[in-house]
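In numbering that gives the first Met the number 0, the protein residues as written are 0 to 223.
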Amino acid sequence: MIDCRIMIAEQKEKAAQIITRDQFSEPISLIAGADVGFEQSGQVTRAAIAILAYPSLTLVEYKIARIKTTMPYIPGLLSFRELPALLAAWQSLILKPQLIMVDGHGISHPRRLGVASHFGLTIGLPTIGVAKKRLCGESLPVANEIASKQPLFDNDEQLGWVWRSKLRCNPLYISVGHKISLSTACMWVERCMRGYRLPEPTRWADAIASGRPLFLRWLAQKSE
DNA sequence: GCGACAG
DNA sequence: ATCTTGTCGC
């Protein structure tokens, strides 16, 4: 069995180190997206990091890491399952981005250390949490208009924004990962939208990690 | 005790 | 997260 108490203690300790101020300077030329998928058996964790040029948002580099799965999925402890593969992918990159968007929550987490924050703290770079589902906190319904948003609250503490990125799609949960403020995080997510539910960095990372048509077409076209 | 629960 | 067919709507 896994002793979650140790991980929870680690999360509480690390959460205190998360920086919620902007610690990067513009202009930014490279933005990354990070996501993790699992192969059929579930025994292999596959992380992908996509590096996009900004502002063109074209894919300029990507790396995939395949690691043996060590942890089961436990809500709230996702980073312990996904971080090893993310770090492996990170280490193999040639280009280093100034900002990273991670598929998952940042500080909108029961102990304020979701995978986006954990990853950012570990590598010491600014990260943004872009999650597709709520983990904790409460919010009012978001109006069905693009860019409508509602604050995500845990009592009096705002954990992030619930943000409608696309009509008739479930909203995104945007939160501080590390070394960035919430307002700046939202600004960068908006700047990276190209008409899909997910911002481009996360959209590409997901496509690469899961071998989706978007990425397969890109590969095919590249080899022509 | 029951429901909720990122990926 | 992954597997998986059809179906509805823009």
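Where a beta carbon is used, it is the ideal one built from N, C-alpha and C, also for glycine. Every value quoted in this text rests on a predicted model; they were computed, and no experiment measured them.
Have a look at the options and flag the residue whose alpha-carbon is nearest the alpha-carbon of residue i.
| i | options | result |
| --- | --- | --- |
| Asp96 | Ile50, Ala8, Gly128 | It is worth fixing the name first, because residue 96 is Pro in this sequence and not Asp. That would be Ile50, whose Cα lies nearest to the Cα of Pro96. |
| Ser174 | Asn154, Ile145, Gly136 | Gly136 |
| Val59 | Arg65, Leu29, Thr69, Gln42 | Leu29 |
| Leu171 | Leu112, Met192, His177, Trp203 | Met192 |
| Ala14 | Gln149, Trp160, Phe118 | Phe118 |
| Ser107 | Gly210, Gly123, Leu77 | Leu77 |
| Lys67 | Ser40, Pro212, Gly159, Pro26 | Ser40 |
| Gly103 | Arg133, Ser180, Trp89, Leu213 | Arg133 |
| Arg20 | Leu213, Lys178, Ser209, Asp34 | Lys178 |
| Arg45 | Gln157, Asp34, Gly176 | Asp34 |
| Val101 | Leu82, Pro109, Gln90, Leu94 | Leu82 |
| Glu144 | Ser182, Arg111, Asn169, Phe152 | Asn169 |
| Ala204 | Pro74, Leu56, Ser24 | Leu56 |
| Leu98 | Ser24, Ile1, Ile7, Arg211 | Ser24 |
| Ile7 | Val43, Ser180, Arg111, Met0 | Arg111 |
Would you give the residue range spanned by the beta strand (DSSP E) that residue i belongs to?
| i | result |
| --- | --- |
| Ala87 | Taken as a continuous stretch (DSSP letters only), Ala87 belongs to no beta strand (DSSP E), being part of the alpha helix (DSSP H) at 77-90. |
| Pro280 | Nothing can be reported for residue 280, as the shown portion of the chain is limited to 0 through 223. |
| Thr126 | 126-130 |
| Ile66 | 58-67 |
Identify the continuous alpha helix (DSSP H) that holds residue i and give its terminal residues.
| i | result |
| --- | --- |
| Leu98 | Run containing Leu98: none in the alpha helix (DSSP H); it sits in the beta strand (DSSP E), 98-102. |
| Thr201 | 199-208 |
| Gln10 | 3-14 |
| Gly119 | 114-122 |
| Glu189 | 181-190 |
Within 10 angstroms of its Cβ, does residue i collect 16 or more other Cβ (buried), or is it exposed?
| i | result |
| --- | --- |
| Ser116 | buried |
| Gln10 | buried |
| Pro125 | buried |
| Tyr195 | exposed |
| Ala184 | buried |
| Tyr72 | exposed |
| Arg4 | exposed |
| Arg216 | exposed |
| Leu218 | exposed |
| Phe79 | buried |
| Ile17 | buried |
Sort out for me which residues DSSP pairs residue i with in a bridge.
| i | result |
| --- | --- |
| Phe23 | Its beta-bridge partners do not exist; DSSP assigns none. |
| Ser174 | Gly128 |
| Glu223 | Glu223 is not bridged to any residue. |
| Gln157 | Phe152 |
| Ala142 | In the DSSP output, where bridge partners are listed per residue, Ala142 has none listed. |
| Phe37 | Thr44 |
| Gly226 | The requested residue 226 does not occur in the structure, where the chain is confined to residues 0 to 223. |
| Trp162 | Lys148, Leu171 |
Under 8 Å, do residue i and residue j count as touching if we go by C-beta distance?
| i | j | result |
| --- | --- | --- |
| Ala31 | Pro200 | yes |
| Leu92 | Lys131 | no |
| Gly105 | Ile127 | yes |
| Ser147 | Arg167 | no |
| Ala208 | Ala47 | yes |
| Val141 | Val188 | no |
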